[in-house]
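I have placed the structure first, in the form of structure tokens, so that the comments after it can refer back to it.
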Ligand code: SF4
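Chains as they are written, first to last, in the numbering used here: chain V, 23 to 355; chain Y, 189 to 462.
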């Protein structure tokens, strides 16, 4: 699966580097100075690289936590996201990562201990206020968990930070690590969904909806708190019916008590990323859709966006109380 | 198209024969050989010559962003056996310490290795890298013209600690390249596949050329037109008739405004992923 691993000289002997490399005994190991020499170079084609991405093991030196956009919230007072990994093993056509990065290679920052120190500090700084840490912004939190051992390394920390929450956001079914440990009460395992029909074409490599639901049920039976993320909402003719069916399928199977939060947001991304993606995929029908740009962000045309949000919000609130609902725009609560 | 850059003629000879390349009638500063799918240029020795030759090909022959570029040549290594073929996975310019990392999305036909470009022949062969004299100049220049997945360097070991570079003759260099033609062929085929894929992606939507010829558009309008025609073609699954649709339009502006209304309408009704 991984044929090439680039390793920053500085972390060549880091135990996590050695552990990850040991999982790919046939991979070619190539040393580099700084991961940016490979990852940030101009003259790269994300689409071509996606056919056979390499892995880059690196050290993050600063900016371990970033303030999360306000619409990202699921309750609580303070919100931070962090990225122990850049890029994703799946290939969702609507994913903003392909417009943000030049390279499709997977970067893993192996110095988890520094991320954790930053979280401890932030948690302490905010006293008894609730602090949310979101992990699935620049990657899928669980998809590569068997390799990164992300959950095994980060979740124990949250047992010691009772005022803080960790959100794992995923489309994967890699839950073996979570099932092996005791549920962490201040962790939400959040799964993202779009209806199966556009999903089949737009989410390459993502496990089928049924398999993800099975994974959610296993987690909930074990006592983990679950999140549902209907973000991004994807338009296609007949979206009302498609989403109605999706909500029915999901909410009829998951016990309400296990659902910690449901969030909702339409497809949106900075204009620059959108333009980059259209350049990469000029033959992709999805990007020919009814989009418009406002204030530097591309999303569906305003009327359509509002229609999608209000239709889906109404449908969701038939299944859950308002207290668990977090649309990206408060107007739809 | 694949542009192959080789330092000296004797190394190129087996490839000229194998690929049936004919000398270009254009008498420029470099000797150039061509077929329908390949172009080979003799750059001369050293990274500056390699950079100059790559620039010459780009400026004189091939500005396509979907052409591939390949540097082939001989190189030294401490211990690798003579005749072994190597694809560069890292290229370092010994002069300034800069490195490039050719993305290995293709399947390397043999081993891959770090290649260090030196200004004078390396006789000590320190470390584990392969030493040669052109790759860094070639790579730094070619990566200004096209995406790095399509730029590679392939070297055949011609000297090592037991058989120094002083023993290399022209015929010997030619024979080393000739022995590795199967690997070079495999590499070229894969590069061709990637180049074809990329050129299909960057292709202009078919009606665009005609529309640009039929009406006048400012530079900004051309950009908008390209964008709208692309959406129009995708949303209509190619079932469009650009001759009939715009007969009522007298100016480029009218074309754009009509096309915008058509695309707005169909985008709401026909968006279904491919
Ligand atoms: S799963 Fe998420 S991060 Fe991965 S490609 Fe899809 S949208 Fe992007």
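A virtual CB, placed ideally from N, CA and C, is assigned to each residue, including glycine. The model shown is predicted, which means the values in this text are computed figures rather than measured ones.
Can you tell me which of the three DSSP states residue i falls into?
| i | result |
| --- | --- |
| residue 328 of chain Y | helix |
| residue 282 of chain Y | coil |
| residue 418 of chain Y | helix |
| residue 291 of chain V | strand |
| residue 340 of chain Y | strand |
| residue 220 of chain V | helix |
| residue 27 of chain V | strand |
| residue 137 of chain V | helix |
| residue 247 of chain V | strand |
| residue 225 of chain V | strand |
| residue 101 of chain V | strand |
| residue 461 of chain Y | Any reading at residue 461 of chain Y must be qualified, since the residue scores a pLDDT of 41, below 50, and its modelled position is unreliable; no value is offered. |
| residue 153 of chain V | strand |
| residue 427 of chain Y | coil |
| residue 311 of chain Y | coil |
| residue 205 of chain Y | helix |
| residue 268 of chain V | helix |
| residue 142 of chain V | helix |
| residue 132 of chain V | coil |
| residue 448 of chain Y | helix |
| residue 238 of chain V | helix |
| residue 126 of chain V | coil |
| residue 345 of chain Y | strand |
Quick one: is residue i near chain V, going by C-beta distance under 7 Å?
| i | result |
| --- | --- |
| residue 133 of chain Y | It is not possible to answer for residue 133 of chain Y, since the shown part of chain Y is limited to 189 through 462. |
| residue 398 of chain Y | no |
| residue 413 of chain Y | no |
| residue 462 of chain Y | Here the model assigns residue 462 of chain Y a pLDDT of 39, short of 50, so the residue's position is not dependable and the matter cannot be decided. |
| residue 193 of chain Y | no |
| residue 277 of chain Y | yes |
| residue 428 of chain Y | no |
| residue 293 of chain Y | yes |
| residue 300 of chain Y | yes |
| residue 268 of chain Y | no |
| residue 340 of chain Y | no |
| residue 265 of chain Y | no |
| residue 446 of chain Y | no |
| residue 455 of chain Y | yes |
| residue 289 of chain Y | yes |
| residue 251 of chain Y | no |
| residue 320 of chain Y | no |
Tell me the DSSP bridge mates of residue i?
| i | result |
| --- | --- |
| residue 210 of chain Y | Y:222 |
| residue 305 of chain Y | Y:281 and Y:320 |
| residue 402 of chain Y | Beta-bridge pairing links residue 402 of chain Y to no other residue. |
| residue 276 of chain Y | Y:301 |
| residue 114 of chain V | V:225 |
| residue 193 of chain Y | Y:229 and Y:259 |
May I ask you to check if the CB of residue i is nearer than 6 Å to at least one heavy atom of ligand 1?
| i | result |
| --- | --- |
| residue 242 of chain V | no |
| residue 305 of chain V | no |
| residue 293 of chain V | no |
| residue 289 of chain Y | no |
| residue 193 of chain V | yes |
| residue 112 of chain V | yes |
| residue 162 of chain V | yes |
| residue 437 of chain Y | no |
| residue 198 of chain Y | no |
| residue 350 of chain V | no |
| residue 117 of chain V | yes |
Is the Cβ of residue i closer than 7 Å to any Cβ of chain C?
| i | result |
| --- | --- |
| residue 343 of chain Y | As a matter of chain content, chain C is missing from the structure shown, whose protein chains are V and Y. |
Any Cβ of chain Y within less than 7 Å of the Cβ of residue i?
| i | result |
| --- | --- |
| residue 81 of chain V | no |
| residue 363 of chain V | Because chain V here runs from 23 to 355, residue 363 of chain V falls outside it and cannot be looked at. |
| residue 307 of chain V | yes |
| residue 363 of chain V | For residue 363 of chain V there is no data in the structure shown, the boundaries of chain V being 23 and 355. |
| residue 230 of chain V | no |
| residue 32 of chain V | no |
| residue 50 of chain V | yes |
| residue 24 of chain V | no |
| residue 71 of chain V | yes |
Should residue i be counted as a contact of ligand 2 given a C-beta to heavy atom distance under 6 Å?
| i | result |
| --- | --- |
| residue 205 of chain V | With respect to ligand 2, the structure offers nothing, as its ligand set consists of ligand 1. |
Query raised in the report: Can you list the alpha helix (DSSP H) stretches of 4 or more residues lying completely in the region 168-208 of chain V, in chain order?
Result: 172-181 and 198-202
Query raised in the report: Fully enclosed by the region 31-97 of chain V, which beta strand (DSSP E) runs are 3 residues long or longer?
Result: 50-54 and 77-80
Query raised in the report: Fully enclosed by the region 352-396 of chain Y, which alpha helix (DSSP H) runs are 4 residues long or longer?
Result: 358-367 and 369-390
Query raised in the report: Which runs of the beta strand (DSSP E) spanning at least 3 residues fall entirely within the region 272-338 of chain V, listed in chain order?
Result: 281-288, 290-292, 313-316 and 319-322
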